[in-house]
Amino acid sequence: MPGHLPAMNHYSTTEITGTGTLHRAICDDNLAAMQHLQDDGESFDFIFVDPPYNTGRTRDAYRNRWSDHQWVDHVSARLKAAWSLMADDAVMLITIDARSLSKMLVMIETVLPSSARHQIVSVANLPSGASMKGFRRS
Numbered sequence: 000m001p002g003h004l005p006a007m008n009h010y011s012t013t014e015i016t017g018t019g020t021l022h023r024a025i026c027d028d029n030l031a032a033m034q035h036l037q038d039d040g041e042s043f044d045f046i047f048v049d050p051p052y053n054t055g056r057t058r059d060a061y062r063n064r065w066s067d068h069q070w071v072d073h074v075s076a077r078l079k080a081a082w083s084l085m086a087d088d089a090v091m092l093i094t095i096d097a098r099s100l101s102k103m104l105v106m107i108e109t110v111l112p113s114s115a116r117h118q119i120v121s122v123a124n125l126p127s128g129a130s131m132k133g134f135r136r137s
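Everything in the sequence shown is counted per numbering that gives the first Met the number 0, starting at 0 for the first residue and increasing by one.
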């Protein structure tokens, strides 16, 4: 196990039985955790990014109300750190809602290197549209 990992708050490494493939779940401040992993020379085949959607809603201790500038700074730093941990043939999956999609696309274009190819996959979680006063949004 790399030397810096025990300093993280919570982590676990699991092997899929008999495959020799290791999967790691790390629960910590993600920027600090990624910096530890980079210092240890780690790289990953797949990185899942689920940033705050900046909806203003609160849930537990999860911060979800930022100015646009704060949100871009927060997410950009994490995209850069995640990119530095990716293996040459790795895939990064980013989830975001329609409200923040345009800002995310600008960040992808400006923060990640030009070699980063991207595709958009649209998923309708509520095909009938979100219920709002006076109309439905879909």
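Each residue gets a CB set at the ideal place from its N, CA and C atoms; glycine is no exception.
Residues that residue i bridges to, as DSSP identifies them
| i | result |
| --- | --- |
| V48 | I93 |
| R56 | BP columns for R56 are empty, so no partner. |
Start-to-end residues for the alpha helix (DSSP H) that takes in residue i
| i | result |
| --- | --- |
| V117 | Per the sequence presented here, residue 117 reads as His, with Val not at that position. That residue, H117, is in no alpha helix (DSSP H); it is neither H nor E in DSSP. |
| Q77 | Going by the sequence as given, residue 77 is Arg instead of Gln. Run containing R77: D67 to S83, per the alpha helix (DSSP H) assignment. |
| D39 | First-last for D39: undefined, no H or E at that position. |
CA-to-CA distance, residue j to residue i, given in whole angstroms
| i | j | result |
| --- | --- | --- |
| H22 | L84 | 15 Å |
| S42 | V48 | 15 Å |
| R56 | N63 | 6 Å |
| V120 | G40 | 31 Å |
| D96 | V122 | 10 Å |
| W82 | T18 | 26 Å |
| S113 | V74 | 18 Å |
| L111 | H68 | 18 Å |
| S66 | A89 | 31 Å |
| P50 | L100 | 11 Å |
| M106 | T20 | 32 Å |
| Q37 | I25 | 14 Å |
Beta-carbon proximity check, residue i vs residue j, cutoff 9 Å
| i | j | result |
| --- | --- | --- |
| A80 | Q118 | no |
| F45 | L92 | yes |
| R98 | N53 | yes |
| L30 | A76 | yes |
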